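Notes follow once the structure below has been shown.
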Amino acid sequence: MDISNLINTLAYVASDVDESALLPLVLLLSGFIFYGYMYTRYRNADKRHKHEMETTTIVANLVSTDTYFKSRKGLKNATMAGSNHKRVEGALNVGSGNKLLDMVK
Amino acid sequence: MDKQSTHGALPSQGEPVGAAPPPPPSGAPVNSGFAAPPQPSPMAPPPPGAIPVVQNNPPSSPPPPPPSGAPVKTAAMPDEASNSPFSRFKPPEGQPHIFQDLGQKDGITKCPSCGGSDIALNIQTGLLRCNYCRHEFSEVSDGIDSDISRLTGLRMGMGASDIAYDASDVVTLKCTACGAEVVVDTNNAPQQRCHWCRNMLSLNQQIPNGAIPDAVMPFRVTKEQAQKLIEEFVGKRRFFAHPTFKKEFCTQNIMGVYLPYMVIDVNARAEFRGEGEHETRRYTVGSGNNRETRHDADAYWVGRDFDFYVDDLTIEASGDRLDQQTTVNSNNVINAILPFPLKDTVRFNANYIRGFTSEKRNVNRTAIENLVSAQVRDIARWQAWQNATFYGRGIRWDAENVTIKGELWKTVYLPVWLYSYMEIKSGGKKFLHYVAVNACTGKIMGSVPIHMPKLLAVSGVVQLIGTVLGVGAFLLLALGG
Ligand SMILES: [Zn+2]
Ligand SMILES: [Zn+2]
Chain S
1 MDISNLINTL AYVASDVDES ALLPLVLLLS GFIFYGYMYT RYRNADKRHK
51 HEMETTTIVA NLVSTDTYFK SRKGLKNATM AGSNHKRVEG ALNVGSGNKL
101 LDMVK
Chain V
1001 MDKQSTHGAL PSQGEPVGAA PPPPPSGAPV NSGFAAPPQP SPMAPPPPGA
1051 IPVVQNNPPS SPPPPPPSGA PVKTAAMPDE ASNSPFSRFK PPEGQPHIFQ
1101 DLGQKDGITK CPSCGGSDIA LNIQTGLLRC NYCRHEFSEV SDGIDSDISR
1151 LTGLRMGMGA SDIAYDASDV VTLKCTACGA EVVVDTNNAP QQRCHWCRNM
1201 LSLNQQIPNG AIPDAVMPFR VTKEQAQKLI EEFVGKRRFF AHPTFKKEFC
1251 TQNIMGVYLP YMVIDVNARA EFRGEGEHET RRYTVGSGNN RETRHDADAY
1301 WVGRDFDFYV DDLTIEASGD RLDQQTTVNS NNVINAILPF PLKDTVRFNA
1351 NYIRGFTSEK RNVNRTAIEN LVSAQVRDIA RWQAWQNATF YGRGIRWDAE
1401 NVTIKGELWK TVYLPVWLYS YMEIKSGGKK FLHYVAVNAC TGKIMGSVPI
1451 HMPKLLAVSG VVQLIGTVLG VGAFLLLALG G
């Protein structure tokens, strides 16, 4: 079982429920949350070098464009649908990072 | 936010951004057949029934609104990016430019003070120390560095060039003291004592078998310090640790090992296009049990174009260490102790690795160039976000163009203290757990085998209590409403 996936799924579910229902939900899942937390604490399978933010990088000649085009009212989610600004492709311990390697056996 | 500063015809909601028409030239009337932009006042009354709960503070640094009449860059974007996520890697033209450090000399490294050849690293200082007169000295810094913003094409240190698999691991050196010929097997260590005069002979010049890196980072964390760090790390994880592991845990046999890495400087350009949302209001609708949170947000076309210079992107250069599938190994914890302070590397000298284990590089640039490409894009995406945090609800990038203009690759040996434990699971399946210490910074990460029956039992008890309390909480909420 991929624990980090489970935790991500739980976090996703939790992010979408209303705040008043959060406490009962946490209680009803407490065994799973406890298991996931402890498993991660001992095995650390989710840990990696965060290359995207830990690599020294200098930005120069930045040109920003910010063009307002509409307002959206009454949105239920706290985050933008389909946002991908924190996506990470090049991690080898999650997802399909391994497929980026071209290893000669 | 000054809505009057917005420009251009606005595509209707839901229209794919890739199809967004470019805004008309500045000053053109907004009548090009698209819906007129909604112009909500910032003071618009909340929807009926809404109870304002939180009025977001204005952002500390909103993006400056484009000055009225200023041209606004089109939100349309090149579409080749969406077709090929790895469009960047057009291989540079021609052969890579390879640097060779001609200052490297094989044979006896002499103490500059007494001329002795019995030299080893002093971990306390990170310097080479003469074991005869105790004089300490250092190898020069590796010299392969550059102004990244001016880097073009593909450049490589000699130590990063492709491994010649037919190159012999065995090299014969002539002892400069007595003239004897001494064989060095680079698979073990690039050093050998002369059998006749007992001088230590070192192989420092790079040979095409990948055994000699461009630079080395000396150990700075002593074995005793590493043992203490590892004991603390495991000590915090004892309750659910496997009993066999607890019985056998001992840090006496931790290994100081130099692991091979590719270190890459990259001069690149990024062009990001997408849509971002900035929250303007958060409030609660409904009443009693049916209260729900709602958000209002302004949507923007967002563009971020910039040059960026990546310094010392670090990737494992060993096939074993690159395999970080956490279901079969714990190599990811060795990855997690990066980064190293790579400005402190020195030119390779075999005396630095004397007494330590070292892993030979067995990975070439081509094996990891797609990985490097992906990581450079990750860096660009992160930097784009760092310069667009106004969009607190997020950004959906529809086009990400990252072009690498120049890259410089070199190989470096980095020092790691490793504790390893082979767990034999009930089915006979083996799993190697590591606890790794960065021997420069002391950063530690590890994997501790779990006693599953115990963890499952305690989780079950927690679940039982949680269920009772959770049902109670639901009932309370229902009755309270
Ligand atoms: Zn000396
Ligand atoms: Zn000799």
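Residue numbers (my numbering), protein chains in the order written: chain S, 1 to 105; chain V, 1001 to 1481. Glycine residues also receive a C-beta, built at the ideal position from the N, C-alpha and C atoms. Since the structure is predicted, the reported quantities are computational estimates derived from the model, not experimental observations.
| said: Can you tell me whether C1130 (chain V) sits near ligand 1, meaning its C-beta is under 8 Å from at least one heavy atom of the ligand? | reply: True, at least one ligand heavy atom lies under 8 Å from that Cβ.
| task | With a 10 Å radius around its C-beta and 16 neighbouring C-beta atoms as the bar for buried, classify A60 (chain S) as buried or exposed. | result | Flag for A60 (chain S) reads exposed.
| task | Measure from the C-beta of F1374 (chain V) to each C-beta in chain S and report whether the shortest distance is under 9 Å. | result | The question names Phe, yet the displayed sequence has Ala at residue 1374 (chain V). True, the Cβ-Cβ gap to chain S drops below 9 Å.
| query | Name the chain V residues that come within less than 7 Å of T79 (chain S), Cβ to Cβ? | reply | Below the 7 Å Cβ cutoff, chain V contributes R1393 and G1394 as neighbours of T79 (chain S), in chain order.
| Considering only residues of the same chain and omitting the five flanking positions on each side of T65 (chain S), which have a CB-CB separation below 6 Å? | In its chain, beyond the 5 residues on either side, no residue has a beta carbon closer than 6 Å to the beta carbon of T65 (chain S).
| If you run the structure through DSSP and keep just helix, strand and coil, what is W1397 (chain V)? | In this structure, W1397 (chain V) counts as strand in the three-state DSSP scheme.
| query | Whose Cβ in chain S lies nearer than 9 Å to the Cβ of I1353 (chain V)? | reply | Ordered by position in chain S, no residue passes the 9 Å Cβ test against I1353 (chain V), which lies about 23 Å from the chain.
| request: Report, in whole angstroms, the separation of the C-beta atoms of N106 (chain S) and Q1325 (chain V), which I expect to be a contact under 8 Å. | output: As shown, chain S starts at 1 and ends at 105. That puts residue 106 (chain S) outside it, with no answer to give.
| field | Collapsed DSSP secondary structure at R1417 (chain V) in the structure displayed | value | Looking at the sequence itself, residue 1417 (chain V) is Trp, so the reference to Arg does not match. Strand at W1417 (chain V).
| message | Please report the distance separating the alpha-carbon of N1438 (chain V) from that of H51 (chain S). | response | For N1438 (chain V) and H51 (chain S), the distance between alpha carbons rounds to 16 Å.
| task | Give the DSSP bridge partners of Q1191 (chain V), in chain order. | result | Paired residue(s): V:S1202.
| task | Please list, in chain order, all residues of the same chain as L100 (chain S) whose beta carbon is under 7 Å from its beta carbon, the five residues on each side excluded. | result | Within the same chain, and ignoring the five residues on either side of L100 (chain S) in sequence, the residues whose Cβ sits closer than 7 Å to its Cβ are G90.
| query | From Q1227 (chain V) to G1446 (chain V), what distance separates their C-alpha atoms? | reply | Taking the straight line from one Cα to the other gives about 13 Å.
| message | Following a CB-centred definition, is C1440 (chain V) positioned closer than 8 Å to any heavy atom of ligand 1? | response | Result no, Cβ not under 8 Å from ligand 1.
| Going by beta carbon distance, what residues of the same chain come within less than 7 Å of V1171 (chain V), once the five residues before and after it are set aside? | The answer, listed in chain order, is V1184, T1186, L1203 and I1207.
| Rounded straight-line distance, which links the Cα of R1381 (chain V) to that of A1299 (chain V) | One C-alpha to the other measures close to 19 Å.
| Is I1123 (chain V) close to chain A, meaning its C-beta is less than 9 Å from at least one C-beta of that chain? | As a matter of chain content, chain A is missing from the structure shown, whose protein chains are S and V.
| task | State buried or exposed for G1414 (chain V), treating a residue as buried only when at least 16 other CB atoms are found within 10 Å of its CB. | result | The amino acid at residue 1414 (chain V) is misidentified as Gly; the sequence shows Leu. That one is buried.
| request: Determine the burial state of S96 (chain S): buried for a count of at least 16 other Cβ atoms within 10 Å of its Cβ, exposed for fewer. | output: Classification for S96 (chain S): exposed.
| Are the C-beta of Y1421 (chain V) and some C-beta of chain S separated by less than 9 Å? | For Y1421 (chain V), the answer is no, since every Cβ of chain S falls outside 9 Å of its Cβ.
| said: For chain S, check one thing: does any of its Cβ atoms lie closer than 9 Å to the Cβ of L1154 (chain V)? | reply: Taking 9 Å as the threshold, the shortest C-beta distance from L1154 (chain V) to chain S does not fall below it.
| request: Please list the residues of the stretch 1437-1470 of chain V that have a C-beta atom closer than 9 Å to any C-beta atom in chain S, keeping them in chain order. | output: Within the stretch 1437-1470 of chain V, the residues whose Cβ lies closer than 9 Å to some Cβ of chain S are M1445, G1446, S1447, V1448, P1449, I1450, L1455, L1456, V1458, S1459, G1460, V1461, V1462, Q1463, L1464, I1465, G1466, T1467, V1468, L1469 and G1470, listed in chain order.
| Using a beta-carbon distance cut-off of less than 7 Å, what residues from the stretch 1324-1336 of chain V approach chain S? | Per Cβ criterion, the list reads Q1324, Q1325, T1326, N1332, V1333, N1335 and A1336.
| message | So if I threshold CB-CB distances at 7 Å, which residues from the stretch 48-61 of chain S count as touching chain V? | response | From the stretch 48-61 of chain S, only R48, H49, H51, E52, M53, E54, T55, T56, T57, I58, V59, A60 and N61 have a Cβ closer than 7 Å to chain V.
| request: Return the residue from the list V:R1198, V:D1166, V:S1168 and V:A1189 that minimises the CA-CA distance to A1180 (chain V). | output: Per the Cα distances, V:R1198.
| request: Anything in the stretch 30-41 of chain S with a Cβ closer than 8 Å to a Cβ of chain V? List those residues in chain order, please. | output: Result list: S30, G31, F32, F34, Y35, M38, Y39 and R41.
| Own chain partners of R1193 (chain V) with C-beta closer than 6 Å, once the 5 adjacent residues on each side are dropped | So the qualifying residues of the chain are M1200.
| message | Any heavy atom of ligand 1 inside 8 Å of the beta-carbon of G1116 (chain V)? | response | Yes, the Cβ of G1116 (chain V) comes within 8 Å of a heavy atom of ligand 1.
| message | Residues of chain V with CB closer than 7 Å to the CB of G90 (chain S), please, in chain order. | response | Think of a sphere of 7 Å around the beta carbon of G90 (chain S): the chain V residues whose beta carbon falls inside it are L1371, A1374, Q1375 and D1378, in chain order.
| query | What's the gap between the Cα of M38 (chain S) and the Cα of F1233 (chain V)? | reply | A straight-line Cα-Cα distance of about 14 Å links M38 (chain S) and F1233 (chain V).
| task | Assess, as a yes-or-no matter, whether the stretch 1283-1291 of chain V is touched by the stretch 21-37 of chain S under the definition of 3 or more beta carbon pairs within less than 8 Å. | result | The stretch 21-37 of chain S vs the stretch 1283-1291 of chain V: no contact.
| said: Cutting at 8 Å between CB atoms, please list the residues of its own chain near N1351 (chain V), excluding the five before and the five after it. | reply: Same-chain partners within the cutoff: T1109, I1119, A1120, L1121, L1128, Q1191, M1200 and S1202.
| How far does the beta strand (DSSP E) with S71 (chain S) in it reach, from first residue to last? | That run of the beta strand (DSSP E) goes T56 to L75.
| query | chain S partners of I1368 (chain V), CB-CB under 7 Å? | reply | Going along chain S in sequence order, the residues near I1368 (chain V) (Cβ under 7 Å) are L101.
| said: Using the Cβ count rule (16 or more neighbours within 10 Å means buried), how would you classify H1097 (chain V)? | reply: Around the beta carbon of H1097 (chain V), fewer than 16 other beta carbons sit within 10 angstroms, so the residue counts as exposed.
| said: If you measure from each CB to the nearest heavy atom of ligand 2 and keep those under 6 Å, what residues do you get, in chain order? | reply: Going by the Cβ distance cut-off, the answer is V:C1175, V:A1177, V:C1178, V:A1180, V:C1194, V:W1196, V:C1197 and V:N1199.
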